[in-house]
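A.B. asks:
There are 2 protein chains.
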Amino acid sequence: MRVFGVDPGLTRCGFGVVDGGPGRTVRPVAVDVIRTPADEDLSRRLLQLSDAVEKWLDDHRPQVVAVERVFSQHNVRTAMGTAQAGGIVALAAARRDLPVVFHTPSEVKAAVTGSGRADKAQVTAMVTKVLGLKTAPKPADAADALALAICHLWRAPMKSRLDEARARAEQLARTHRAKLAEARERMTR
Amino acid sequence: MRVFGVDPGLTRCGFGVVDGGPGRTVRPVAVDVIRTPADEDLSRRLLQLSDAVEKWLDDHRPQVVAVERVFSQHNVRTAMGTAQAGGIVALAAARRDLPVVFHTPSEVKAAVTGSGRADKAQVTAMVTKVLGLKTAPKPADAADALALAICHLWRAPMKSRLDEARARAEQLARTHRAKLAEARERMTR
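These protein sequences, in sequence, are chains L and D.
Heads up, the final residue of the first sequence is numbered 191 in my numbering, and it's a clean run with no missing numbers.
Heads up, the final residue of the second sequence is numbered 191 in my numbering, and it's a clean run with no missing numbers.
1) Among residues of its own chain, excluding the 5 on either side of alanine 40/D, which ones have a beta-carbon nearer than 7 Å to its beta-carbon?
2) Quick check on the DSSP output: the beta strand (DSSP E) that includes aspartate 121/L runs from which residue to which?
3) Starting from proline 30/L, follow its DSSP beta bridges and name the residues at the other end.
4) Quick one: does alanine 95/L have its CB under 9 Å from some CB of chain D?
5) For arginine 47/D, count neighbouring Cβ atoms within 10 angstroms of its own Cβ and tell me buried if that reaches 16, exposed if not.
6) In the DSSP output, what is aspartate 9/D paired with across the bridge?
7) Listing by chain order, which chain L residues have their CB less than 8 Å from the CB of serine 108/D?
8) Buried or exposed for aspartate 61/L, going by 16 or more other Cβ atoms inside 10 Å?
9) Quick one: grab the DSSP three-state call for arginine 170/D.
10) Enumerated in chain order, which unbroken segments of the beta strand (DSSP E) with a length of 3 residues or greater are wholly contained in the stretch 48-81 of chain L?
11) Kindly indicate which three-state DSSP category arginine 186/D falls into: helix, strand or coil?
12) In whole angstroms, what is the alpha-carbon distance linking leucine 174/D and alanine 87/L?
13) With 8 Å as the C-beta to C-beta threshold (strictly closer), list the residues of the stretch 25-53 of chain D near chain L in chain order.
14) Please report the straight-line C-alpha distance between proline 24/L and arginine 157/L, rounded to a whole angstrom.
15) Interface residues of chain D around glycine 89/L at Cβ under 7 Å?
16) Which residue wins for smallest C-alpha separation from valine 35/L, given the options Leu148/L, Met189/L, Asp43/L?
17) Is alanine 94/L near leucine 150/L, with beta carbons less than 9 Å apart?
18) Given the structure, does aspartate 61/L come close to the ligand SAM, in the sense that its CB is under 8 Å from one of the ligand's heavy atoms?
19) Looking at histidine 154/L and valine 103/L, is the spacing between their C-beta atoms short of 9 Å?
20) With DSSP as the reference, label arginine 4/L as helix, strand or coil.
21) Less than 9 Å separating the beta-carbons of glutamate 70/D and aspartate 21/D?
22) Could one say the Cβ of alanine 81/D lies closer than 9 Å to chain L's Cβ atoms, at least one of them?
23) Return yes when the Cβ of glutamine 65/D is within less than 9 Å of the Cβ of arginine 26/D, no when it is not.
24) Going along the chain, which residues of its own chain have a beta-carbon closer than 7 Å to the beta-carbon of alanine 112/L, five neighbours each way excluded?
25) Start and end of the alpha helix (DSSP H) containing lysine 111/L?
What follows is the structure in structure tokens.
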């Protein structure tokens with residue numbers, strides 16, 4: 003499975019494509035940071051980012067897009083720009099019928115380093131290691147985008163196993179409730 | 003000038019198109035509220051909204067798009083959705099080379115009612131009045147979208163007069179500085 007990880011942002015947007023192999027093996031495909039000029043109109047910046055996303059989707063043909071979920075940031079203006087950048091990426095993926103999955107920063111950190119509170123250096127170190135890169139991806143946004151893709155590859159099988167178990171439990175509960183209702187009806191007859 | 007006003011949102015997005023005539027006359031063209039289902043994927047909701055924006059741009063051919071600028075809201079999740087919806091609208095406009103202008107809620111209220119702290123009922127009442135509508139536009143998101151378009155029509159000439167005055171003042175300052183430098187040079191010669 004090929005995953006396109008995106009660390010959204012207007013000033014710097016991290017793009018990373020990773021292939022998942024058997025077991026937990028992962029292979030780097032592409033990584034870059036897209037920048038849009040801060041003195042440009044917001045709508046122009048969004049268009050530049052959207053065009054870059056379209057190009058990456060054309061060039062790398064991922065099967066799923068993993069985007070960092072933004073909750074809040076100290077700077078409201080930055081948070082809004084980040085949310086808008088993430089929305090633009092999700093829209094481009096939806097246009098191509100690609101699934102879009104959001105992961106929180108702590109989910110990404112936990113998946114890659116084992117700790118949801120790992121710092122940027124630790125995340126970069128693990129990304130460099132698991133992808134077998136000769137040099138660490140820079141800036142942090144590039145490493146974060148790759149970490150998102152890896153997180154998705156490693157969490158996805160676990161998540162689908164969980165979803166399966168949950169569906170099975172619900173089916174059991176439904177059967178149980180039906181039998182109980184049947185028994186009650188028989189008793190009141 | 004025809005303005006497309008948008009009160010962005012994922013659950014409810016207000017769309018309003020208004021034509022500006024001579025002086026301060028304004029004429030309603032279209033108004034609606036676009037809804038996307040809350041239980042759908044975020045990327046699907048953004049796609050539905052984007053398709054609706056494209057259709058309105060096709061149908062009504064506005065010359066400018068006015069969007070409410072979101073600063074912060076109590077609910078972070080809602081604020082993110084609002085920012086993303088606004089970003090999707092701005093992107094669609096930028097794709098067609100249409101200018102996108104953002105106005106804050108207090109700018110809109112001040113332009114339409116005279117007070118930046120007017121309540122929703124007051125805004126709706128003024129929008130109904132200035133557009134000569136028989137019934138008040140509902141829900142509030144619809145009235146807000148029309149208010150945004152009116153705000154843009156009424157602020158734009160004032161803003162361009164201000165920009166002109168500022169440019170003239172800067173030109174004067176430049177001439178003055180040049181003359182001063184010339185005089186100093188003559189004195190030191």
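All residues carry an ideal CB built from backbone N, CA and C; glycine is no exception.
This one's a predicted model, so the numbers in the text were calculated from it and none came from an experiment.
C.D. replies: Let's see:
1) Thr13
2) Where aspartate 121/L is concerned, there is no enclosing beta strand (DSSP E), given that its DSSP letter is neither H nor E.
3) Val20/L
4) yes
5) buried
6) Gly16/D
7) Result: empty, since nearest Cβ-Cβ is about 16 Å, beyond 8 Å.
8) exposed
9) helix
10) 66-70
11) helix
12) 41 Å
13) Asp43, Leu44, Ser45, Arg46, Leu48, Leu49, Ser52
14) 14 Å
15) Leu48, Gln86, Gly89, Ile90
16) Leu148/L
17) no
18) Of ligands this structure carries none, so the ligand SAM is not represented either.
19) yes
20) strand
21) no
22) yes
23) no
24) Gly118
25) 107-115
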